[in-house]
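In the numbering used here, the protein residues as written are 22 to 229. This report concerns only the one structure given below.
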Amino acid sequence: MKQTKKRTLIAALLLAVSLPAFTHAQNTLVKERNMNTKKILVAFFSRTGENYAVGHIEQGNTHIVAELIASATGGTLFRIEPAIPYPDDYRACTEIAQREKRSKARPALVGEIAAEEYDVIFLGYPNWWGDLPMPVYTFLERHDWQGKVVIPFCTHEGSGLSDTENRLRTACRGASVLNGLAVRGAVAQNERETARRQVLEWLKRLKY
């Protein structure tokens, strides 16, 4: 009789110890399955040509970071492209971009994607004078962000994300805007492995 009680007690203790671990494993599996079913879009604006920090570039800094994110998440890559490209010349480009910013221009774009079909949208851009480039606003205003998760990332040369996260919260009404990532353009362009590690660490913090 005593042996039976002892075995019952041991079995109960083992169940009490193993049940939380089993529940945690089940919850983790459910979260992973939910994440795998989410459709991810990596939309970005990026510029090639003359860059004051890294010289003439054939692939934009933000484009490089966008590819790293798409590779890590399996997301669909989409480039936000103005119908009239910015000049390769740095001075000419900044003059046009500053004029667009002052007038709150919405440059026409080429290409389209149904952003509404995606659950999570990583949105990339260079930080231009503490703001999003105007073509990004054109893209944002074309779509309904209600219920979406928007995750910003930017390239910069010292200004980080500035206030762009808050600007996105205003522009993407109804969306949940998560903490973004800022990567120096020179790092993206010349230190790809460092940029990759920064992206992976950030995605891990976000649980993506």
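Cβ coordinates follow ideal geometry from the N, Cα and C atoms, glycine included. No experiment lies behind these values; they were computed from the predicted model shown.
Annotation for Leu153: Tyr146, Thr185, Arg188 place their beta carbon closer than 7 Å to its own, counting only its chain and skipping 5 residues before and after.
The alpha helix (DSSP H) runs lying completely inside the segment 150-225 and spanning 4 residues or more are 155-162, 185-192, 206-211, given in chain order. For Lys228, the closest alpha carbon among the candidates Ser183, Glu214, Asn200 is that of Asn200. Ile90 is positioned such that its CB atom lies closer than 8 Å to that of Val220. Under the three-state reduction of DSSP, Ile61 is assigned to strand. In the structure shown, Thr83 falls within a helical segment according to DSSP collapsed to helix, strand and coil. In terms of Cβ geometry, Leu130 and Thr97 do not form a close pair [threshold 8 Å].
In this structure Tyr107 touches Arg68 by the C-beta definition: roughly 6 Å separates them, less than 8 Å. If you look at Thr115, you'll find it in the alpha helix (DSSP H) that goes 111-124.
Cβ-Cβ distances below 7 Å link Leu161 to Ala192, Cys193 in the same chain, with the five nearest sequence neighbours on each side left out; the list follows chain order. With a cut-off of 8 Å on Cβ pairs, the segment 78-85 is not in contact with the segment 108-128, counting fewer than three such pairs. Secondary structure note for Val141: its beta strand (DSSP E) is the uninterrupted segment 141-147. DSSP places Ile90 within a helical segment (H, G or I) once states are collapsed to three. In the three-state reduction of the DSSP assignment, Glu137 falls in the helix class, which pools H, G and I.
Each residue's CA atom was taken as its position, placing Leu224 and Ala87 some 13 Å apart.
Counting the other Cβ atoms within 10 Å of the Cβ of Ala113 gives fewer than 16, which makes it exposed.
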